[in-house]
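See below for the structure under consideration.
Number of protein chains: 2
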Amino acid sequence: MTTSKQQTTLPETDRTRHRRLREQGSLNRADLEAILDAGFICHLGVVVDGHPMVVPTVYGRDDTQLYLHGSVASRSLAADPEATICVTVTHVDGLILARSVFEHGVNYRSAMIYGVPRKVTDPDEKLTGLRLLTEHATPGQWDYARSPSRKELAATTVLALSLEEASVKTSVGPPDDGDGPDAELGIWAGNLPLTASWGTPVADPLLPPGIAVPPHIAERGGTRHG
Amino acid sequence: MTTSKQQTTLPETDRTRHRRLREQGSLNRADLEAILDAGFICHLGVVVDGHPMVVPTVYGRDDTQLYLHGSVASRSLAADPEATICVTVTHVDGLILARSVFEHGVNYRSAMIYGVPRKVTDPDEKLTGLRLLTEHATPGQWDYARSPSRKELAATTVLALSLEEASVKTSVGPPDDGDGPDAELGIWAGNLPLTASWGTPVADPLLPPGIAVPPHIAERGGTRHG
């Protein structure tokens with residue numbers, strides 16, 4: 001989804017500079033987009049009354065912005081319109097099982113985005129944001145389900161967050177202690193993959209008979225997520 | 001793991017009081033423990049230089065405390081030993097697909113814990129914390145892998161966080177609009193489950209031949225996680 005106008009490298013800031021060794025940091029915009037597109041739940045961090053609060057919530061995106069459902073973030077925004085938030089998206093890919101406890105770890109892909117969110121007030125942009133949120137979680141659902149009414153739209157808070165200040169960290173593959181002294185211990189080492197999959201759609205018990213699962217949902221059953 | 005001395009109900013505070021309707025809040029300690037025991041990755045929220053920072057990290061627990069790997073939280077702790085942190089553990093169980101876009105949502109189980117972490121300095125408690133962390137992610141691994149050396153132990157930061165101030169939120173089942181006017185629209189509605197599973201262990205390419213996968217890891221392959 002990168003346009004030719006987009007920078008392909010994310011700027012490095014004090015908050016997005018990578019500090020650890022084993023983990024691989026990336027400031028590549030394509031890596032950020034791949035992690036965002038592989039999931040639909042983020043962990044949103046806000047400061048409320050001076051303490052951090054971390055809440056899972058859904059998101060969508062376009063080329064330059066993340067859209068968020070706003071009930072939690074809007075509390076922080078109401079207290080301070082200039083307050084920075086942090087959005088983290090994580091995919092856990094498995095466990096790193098090393099020879100030593102010390103070298104154990106987790107294989108993962110994670111993106112962190114920092115910024116001051118903007119409350120979306122224009123009704124057209126609000127609809128766009130909700131479409132991106134809906135389509136991000138369930139492609140095909142925006143045109144299938146009933147669109148928001150004017151009243152529902154008014155009752156929904158949508159926030160936009162620039163993708164400008166972001167960083168990516170990933171960890172992949174076997175443990176690091178295969179060529180050190182611990183390799184002689186005869187201990188099995190490797191990694192244990194963890195994958196997420198969509199199951200079979202479950203109809204609402206109140207659904208009248210004769211309404212088929214639409215293809216965009218039915219086809220997802222059994223496929224891998226993340 | 002609840003002992004008879006434990007309170008079975010968590011205290012309600014301004015931070016743990018539930019505000020939303022559809023989602024079910026719980027202050028039941030058994031619900032908190034079930035969510036913590038179903039996962040091994042949390043999202044840790046700290047305030048660094050006045051802004052929130054949300055980082056995925058591993059955890060373990062005993063009856064009264066969460067143990068955390070401390071590299072990120074210790075930066076916040078160093079800046080302010082009295083600073084509150086927030087730890088959130090989330091299991092995403094699927095999508096709620098309603099008749100209207102407005103009623104869409106996510107089925108999930110989530111626990112939030114607030115508190116001022118304590119840096120573990122006693123070597124015995126540090127070992128206990130690391131054992132709980134290791135065993136939480138991979139039961140059986142603490143006795144199988146090489147234990148931390150004195151030097152490794154010194155290089156590891158472990159934090160303890162009381163489980164006293166915590167709250168649980170869950171969302172389960174079909175959408176809410178099955179008995180409203182939208183039920184007449186002929187739109188399919190229900191939920192699409194999402195499940196995580198452990199795969200087949202992958203041996204480190206540097207592993208010499210003849211070292212078998214130990215049963216506590218081999219038996220996990222193909223089982224459900226979460």
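Line order of the protein sequences matches chains A and B. Using UniProt numbering, you'd call the opening residue of the first sequence number 1 and step up by one each time. Using UniProt numbering, you'd call the opening residue of the second sequence number 1 and step up by one each time. Positions of the beta carbon are idealized from the N, C-alpha and C atoms, including for glycine. This structure is a prediction, so every number in the text was calculated from the model and none was measured.
Contacting positions in the stretch 105-117 of chain A - beta carbon closer than 9 Å to chain B | Gly-105, Val-106, Tyr-108, Ser-110, Met-112, Tyr-114
Next item on the list: In the DSSP assignment, find the beta strand (DSSP E) that holds Glu-135/B and state where it starts and stops.
Entry: Taken as a continuous stretch (DSSP letters only), Glu-135/B belongs to no beta strand (DSSP E), being part of the alpha helix (DSSP H) at 123-137.
| said: Is the beta carbon of Arg-150/B closer than 8 Å to that of Trp-142/B? | reply: no
Problem set entry | Contact the stretch 114-134 of chain B vs the stretch 199-218 of chain B: 3+ CB pairs below 8 Å | no
With DSSP as the reference, please indicate the residues paired to Gln-65/B in a beta bridge. Ser-162/B
- Straight-line Cα distance separating Leu-32/A from Gly-222/A: 26 Å
Contacts of Thr-84/A in chain B (Cβ-Cβ under 9 Å): Gly-50, His-51, Pro-52
Checklist entry - Using a C-beta cutoff of 8 Å, does Thr-2/A count as contacting chain B? => result Note that Thr-2/A scores 38 on pLDDT, short of 50, meaning its location in the model is unreliable; the coordinates nonetheless yield the value given after this. For Thr-2/A, the answer is no, since every Cβ of chain B falls outside 8 Å of its Cβ.
- Buried/exposed call for Val-54/B, threshold 16 Cβ in 10 Å: buried
- Using alpha carbons as the reference points, say which of Thr-13/A, Arg-29/A, Asp-182/A, Gly-105/A lies closest to Val-58/B. Gly-105/A
Using a threshold of 8 Å, state whether the C-beta atoms of Thr-138/B and Leu-185/A are closer than that.
no
* For His-216/B, name the three-state secondary structure that DSSP assigns. => helix
* Assumed close pair Arg-61/B, His-136/B - CB separation to whole angstroms, cut-off 8 Å -> 7 Å
Name, in chain order, the residues that DSSP records as bridge partners for Lys-169/B.
Gly-25/B, Ser-110/B
Is the beta carbon of Arg-109/A closer than 8 Å to that of Ile-35/A? yes
Q. Any idea if Gly-190/A is buried or exposed, counting beta-carbon neighbours within 10 angstroms, 16 or more meaning buried?
A. buried
query = Val-120/A CB to nearest chain B CB: under 8 Å?
reply = no
Looking at the secondary structure, which residues open and close the beta strand (DSSP E) in which Ala-196/B lies?
190-198
Neighbour-count burial assignment, Pro-52/A, 16 or more Cβ in a 10 Å radius = buried
- Message: Just to make sure I have the definition right: I need the residues of chain A whose C-beta is within less than 7 Å of the C-beta of Val-213/B. Which are they?
- Response: Trp-188
**OP:** Determine the chain A residues that contact Arg-99/B at a beta-carbon separation under 7 Å, and present them in chain order.
**Re:** Ala-145, Arg-146
| task | Following the continuous beta strand (DSSP E) through Asp-93/A, name the residue where it begins and the one where it ends. | result | 85-97
* To do: Could you confirm whether any beta carbon from chain B is found closer than 8 Å to the beta carbon of Leu-21/A?
  => Note that Leu-21/A scores 44 on pLDDT, short of 50, meaning its location in the model is unreliable and no value can be drawn from it.
Using 8 Å as the limit for Cβ to Cβ distance, is Lys-5/A near chain B? Because the pLDDT of Lys-5/A is 45, which lies under 50, any placement of that residue in the model is unreliable, and the question is left without a value.
I need the boundaries of the alpha helix (DSSP H) containing Leu-153/B, first residue and last residue. 150-154
Kindly indicate if chain A contains any beta-carbon less than 8 Å away from that of Glu-165/B. no
_Can you list, in chain order, the residues of its chain with a C-beta nearer than 7 Å to that of Ser-71/B? Leave out the 5 residues immediately preceding and following it._
Thr-157
**Q.** Same chain, Cβ closer than 8 Å to Leu-192/A, neighbours up to 5 away in sequence not counted
**A.** Gly-94, Leu-95, Leu-97
Next item on the list: Look up Ala-38/A in the DSSP assignment and say whether it is helix, strand or coil.
Entry: coil
Residues near Thr-84/B by beta carbon distance below 7 Å, same chain, minus five either side
Tyr-114, Gly-115, Val-116
Collapsed DSSP secondary structure at Ser-100/B in the structure displayed:
strand
Would you call the stretch 193-202 of chain B in contact with the stretch 160-167 of chain A, where contact means no fewer than 3 C-beta pairs closer than 8 Å? no
>> I'd like to know if residue 309/B contacts chain A, where contact means its C-beta is closer than 8 Å to some C-beta of that chain.
In response: Outside the displayed span of chain B (1 to 226) sits residue 309/B, for which this structure offers no information.
Leaving out five residues before and five after Ser-26/A in sequence, what residues of the same chain have Cβ atoms less than 6 Å from its Cβ? Val-168
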